[in-house]
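Student:
Residue numbers (the numbering used here): 266 to 404.
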């Protein structure tokens with residue numbers, strides 16, 4: 266929740282303080298959604314990116330629901346619009362800091378969550394490489 270509040274506030278420093286200095290953000294957009302093509306590294310760079318895009322996925326710009334849930338045993342933030350998942354951000358933490366962020370915006374994989382939301386939250390279609398889903402995320 267602190268991560269979500271820091272992103273929404275636009276406070277780059279507050280968000281960077283929650284991230285490890287060598288944090289990494291990896292995206293899987295499947296070529297069908299806007300997201301960085303390459304992994305982002307470093308707390309400051311990731312914080313700037315997330316605070317810049319946060320307003321795009323918040324009301325009043327879109328009619329989104331935001332839900333905190335688990336994805337492969339890690340905390341995650343699920344964004345849905347008209348009951349369909351549009352983005353999942355999974356966080357891996359150690360020593361009180363977020364070390365890895367996985368942003369899933371791949372429409373095909375998100376559609377699988379719509380068809381079976383209970384299974385999809387723990388399935389490799391929305392997982393991260395530290396779990397059992399290395400193939401689901403780009404290198």
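Note that CB positions come from ideal geometry on N, CA and C, so glycine has one too.
None of these values were measured; they are calculated from a predicted model.
(1) If you compare alpha carbons, which of 272, 376, 301, 293 is closest to residue 284?
(2) Suppose the cutoff is 8 Å on Cβ atoms and the five residues either side in sequence are ignored; what does the same chain contact list for residue 269 look like?
(3) Since residue 287 and residue 312 are thought to touch, with beta carbons under 8 Å apart, how far apart are those beta carbons, to the nearest angstrom?
(4) Should residue 300 and residue 368 be called a contact, given that it needs their Cβ atoms to be closer than 8 Å?
(5) Which value, in whole angstroms, describes the spacing of the CA atoms of residue 314 and residue 365?
(6) Hey, quick one: how far does the beta strand (DSSP E) through residue 315 stretch, first residue to last?
(7) List the DSSP bridge partners of residue 346.
(8) Distance check for residue 296 and residue 276, CA to CA, integer angstroms please.
(9) Counting only the same chain and skipping the five closest in sequence on each side, list residues whose C-beta sits under 8 Å from that of residue 207.
(10) Does DSSP put residue 376 in a helix, a strand or coil?
(11) Quick check: residue 356 and residue 363, are their CB atoms within less than 8 Å of each other?
(12) DSSP three-state call for residue 300: helix, strand or coil?
(13) So what does residue 293 bridge to, in DSSP terms?
Tutor: Reading from the atomic positions:
(1) Among 272, 376, 301, 293, the Cα nearest to that of residue 284 is on 272.
(2) 331, 333, 342
(3) Contact doesn't hold; Cβ gap of about 13 Å is too wide.
(4) yes
(5) 14 Å
(6) First-last for residue 315: 308-318, but that is the alpha helix (DSSP H), not the beta strand (DSSP E).
(7) 329, 349
(8) 29 Å
(9) The structure shown does not extend to residue 207, since the chain spans only 266 to 404, so no value can be given for it.
(10) Here residue 376 sits in helix by DSSP.
(11) Contact: yes.
(12) coil
(13) Per DSSP, the beta-bridge partners of residue 293 are 369.
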